[in-house]
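Participant:
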Amino acid sequence: MRISFSHTNIVAQDWKRLATFYTNVFGCTPKPPERDLAGDWLDRLTAIDSVHIRGIHLLLPGFDDTGPTLEIFQYDQQDTQARKAINTFGFGHIAFAVDDVDACLQKVLDHGGSTVGETVHGDVGGLGAIHLIYAKDPEGNIIEIQKWQD
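Quick note on numbering: our numbering labels position 120 of the sequence shown as 857, and the sequence is numbered without any gaps.
1) What residues match up with H868 in a beta bridge as DSSP calls it?
2) Evaluate F758 with the Cβ neighbour count: other Cβ atoms within 10 Å of its Cβ, from every protein chain shown; 16 or more gives buried, anything less gives exposed.
3) Within its chain, find whatever has a CB closer than 6 Å to the CB of E771; leave out the 5 residues flanking it on each side and keep chain order.
4) For V853, which three-state DSSP category applies?
5) Span of the beta strand (DSSP E) holding N824?
6) Hey, would you say R884 sits closer than 9 Å to T852, going by beta carbons?
7) Cutting at 7 Å between CB atoms, please list the residues of its own chain near T806, excluding the five before and the five after it.
8) So, at 6 Å on beta carbons, what are the nonlocal neighbours of T766 in its own chain, with the 5 sequence-adjacent residues on each side left out?
9) Taking the continuous beta strand (DSSP E) assigned at T745, which residues delimit it?
10) Do the CB positions of T856 and V838 come within less than 9 Å of each other?
11) For R781, which three-state DSSP category applies?
So this is what it looks like as structure tokens:
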């Protein structure tokens, strides 16, 4: 059996705003077509009656057009449960390796994002020194911005 990574999904309150954030800050690029999904097959898949999903896939930087994507979807039926924290069970964050952590963080802030904690320099035993911060996109999803030191 051949297996390859396909995508990571973020459920958005406003998919267009969030897609614009990841495009402007991290250089993701849209992979058409935009999605506008509904129907019996989707109701059965999601176990939500009359579900309607809109959104897009974004190609991740560092990959060609066949690489994994960030899937940003918005459901007409929103579940407004409490926001994730850095230590909530389940998927915690996505990470981007960058050349300049501080410059990337400034782009995050300029485009409506925020920080979780402080920018730090750390030493990861056996791997080396790293400069990183946890940030949040405009909807509160956690992003690690990292640079391994030479």
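Note that the Cβ used here is the ideal one computed from N, Cα and C, for glycine as well.
These numbers were taken from a predicted model, which means no experiment stands behind them.
Facilitator: On the basis of the data shown:
1) Sequence index remark: in the sequence shown, residue 868 carries index 131 (1-based). Bridge partners of H868: H858 and K884.
2) Translated into positions along the sequence shown, residue 758 becomes position 21. With at least 16 other beta carbons inside 10 angstroms of its own, F758 counts as buried.
3) For this step, residue 771 is matched to residue 34 along the sequence shown. Only I793 meet the Cβ criterion.
4) Reading the sequence shown from its first residue, position 116 is the one you call residue 853. DSSP places V853 in the coil class of the three-state scheme, outside both helix and strand.
5) Here residue 824 is taken as the residue at index 87 of the sequence shown, counted from 1. Neither: N824 is in no beta strand (DSSP E) and is coded neither H nor E.
6) In the sequence shown, residue 884 corresponds to position 147, counting from 1. In the sequence shown, residue 852 corresponds to position 115, counting from 1. According to the sequence displayed, residue 884 carries Lys and not Arg. No. Outside cutoff.
7) What you label residue 806 is simply residue 69 of the sequence shown in a count that begins at 1. Closer than 7 Å at the Cβ level, and outside the excluded window around T806, lie H744, K768, H794, L795, L796 and L797.
8) On the sequence shown, position 29 is the one that residue 766 refers to. Short of 6 Å from the beta carbon of T766, and not among the five residues preceding or following it, lie these beta carbons of its own chain, in chain order: L796.
9) On the sequence shown, residue 745 is found 8 positions in, with the first residue counted as 1. Unbroken beta strand (DSSP E) run through T745: H744 to V748.
10) In the sequence shown, residue 856 corresponds to position 119, counting from 1. In the sequence shown, residue 838 corresponds to position 101, counting from 1. Yes, they are a contact pair.
11) Here residue 781 refers to the residue found at position 44 of the sequence shown. DSSP, read as helix, strand or coil, puts R781 in helix.
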